[in-house]
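Numbering (the working numbering), first residue to last: 4 to 175. Input: a single structure, listed below in structure tokens.
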């Protein structure tokens with residue numbers, strides 16, 4: 004990212020899109036939503052209103068990769084975005100798994116109000132399984148790992164610890 008007065012430029016946006024095999028417009032929209040700003044896309048560069056660090060862009064791109072590129076089953080990036088019955092799906096070419104994409108780049112904003120706080124209990128739907136066998140749920144921007152929970156269950160999860168956008172919970 005290069006700061007230019009009231010703007011920050013991401014000069015290698017098309018290279019990132021090529022590497023991820025995704026549409027540069029989608030990545031640009033997701034970065035805008037994640038950073039909570041407006042911007043312009045010209046050729047291979049994104050220009051965003053405000054001053055942002057390289058870490059800000061890395062974090063926004065990491066979120067994009069987790070939602071729109073990485074297979075939730077095998078963890079590989081060998082996926083395609085497809086639309087089936089009007090639903091955006093991520094289909095893995097490596098293991099054959101597929102899942103709906105949780106949030107489209109245009110609707111990220113309304114998810115950000117949902118917070119997760121330590122010591123509080125939330126009703127969550129377990130939508131996946133983590134590497135250690137824990138149930139995985141999403142709430143706003145948070146990924147919640149619920150020990151002992153199974154995919155498909157809806158559980159009351161007591162948040163024991165948070166770290167960034169990760170939360171660790173146990174069913175109650």
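Glycine is no exception: its CB is placed at the ideal position from the N, C-alpha and C atoms.
The region 154 to 161 / the region 129 to 139 touching (three or more Cβ pairs under 8 angstroms)
yes
Under 7 angstroms between the Cβ atoms of residue 12 and residue 50?
yes
For residue 81, which residues of its own chain have a beta-carbon under 8 angstroms away from its beta-carbon, when the five flanking residues on both sides are left out?
74, 95, 96 and 97
Helix, strand or coil for residue 16, going by three-state DSSP, please let me know.
helix
Rounded to the nearest angstrom, what separates residue 70 and residue 144 at their Cα positions?
11 angstroms
What first and last residue would you give for the alpha helix (DSSP H) that runs through residue 91?
Element bounds for residue 91: not the alpha helix (DSSP H) but the beta strand (DSSP E), 90 to 95.
Kindly indicate which residue of 58, 89 and 171 has the alpha-carbon position closest to the one of residue 137.
171
Near residue 44, which residues of its chain fall below 6 angstroms by C-beta distance, leaving aside the five closest residues on each side in sequence?
31
Terminal residues of the continuous beta strand (DSSP E) containing residue 153?
Element bounds for residue 153: n/a, residue is neither H nor E.
Please state the DSSP three-state secondary structure of residue 181.
This structure cannot speak to residue 181, because the chain is shown only from 4 to 175.
Three-way DSSP call (helix, strand, coil) for residue 68 in this model
helix
Would you give the residue range spanned by the beta strand (DSSP E) that residue 50 belongs to?
48 to 52
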